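Residue numbers (mature numbering (1 follows the signal peptide of the UniProt record, and there is no 0)): -22 to -1, 1 to 111.
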C-alpha cells in the first residue's frame, strides 16, 4: 500500500511539474515570427543573418563572448529584417556591454543568401528547402 501511495505521489509531482513528454523542445525557429512568414522563411532569415545551425548547436572552439556576440548579431539582423521575438530572448547587450555588436558604431549584419547557402546547416542538409537558392 505504501509503495502504491509513493508511486501515485511521484506521478502527481511529475505531472504538476509540467514534464509533458509530448512537448518538443524550442528551437531558434520557434523564437521568431513575422506576419506572412512561414517556417521556411524564418529558417532562411536566420541562416541569412548568420546562424550556423538551426538546432541550437554552437562552435565549442569559440569563447562565450564570441558566441554571445554572434547570437546578438543574428538577433539584431532578424529585428532589422522585420521579425519579432516571441519568446523573450536574452539581450546580451544588457549583460555584456563590451561585445562588439553592442558598441554604438557596430554594423548590424544584413541578410545574405550567400551566407545562408554557405552555412554549416546547409552544408549538412543541402536538400532542405531552406538551403535551396
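Ideal placement from N, C-alpha and C gives every residue a C-beta, glycine not left out.
Quick caveat, the model's predicted, so the values are computed rather than measured.
What runs of the alpha helix (DSSP H), each 4 residues or longer, lie entirely inside the segment 16 to 84?
-> 17 to 27, 42 to 58, 70 to 73
Per the contact definition of three or more C-beta pairs closer than 8 Å, is the segment 55 to 63 in contact with the segment 76 to 84?
-> no
Give a yes or no on whether the C-beta atoms belonging to residue 49 and residue 79 are separated by under 7 Å.
-> Reading the chain shown from its first residue, position 71 is the one you call residue 49. Reading the chain shown from its first residue, position 101 is the one you call residue 79. Taking 7 Å as the Cβ cut-off, residue 49 and residue 79 do not qualify as a contacting pair.
If we count the other Cβ atoms within 10 Å of its Cβ and call it buried at 16 or more, is residue 18 buried or exposed?
-> Position 40 of the chain shown holds residue 18. Exposed, since its Cβ has fewer than 16 Cβ neighbours within 10 Å.
According to DSSP, what are the bridge partners of residue 11?
-> To locate residue 11, count along the chain shown from 1; it is residue 33. For residue 11, which the question treats as bridged, DSSP gives the partners 62.
How would you label residue 77, buried or exposed, when you count the other beta carbons within 10 angstroms and need 16 or more for buried?
-> What you label residue 77 is simply residue 99 of the chain shown in a count that begins at 1. Under this definition residue 77 is a buried residue.
Buried or exposed: residue 97, going by 16 or more other Cβ atoms within 10 Å of its Cβ?
-> In the chain shown, the residue the question calls residue 97 occupies position 119. Classification of residue 97: buried, given that the 10 Å Cβ count is 16 or more.
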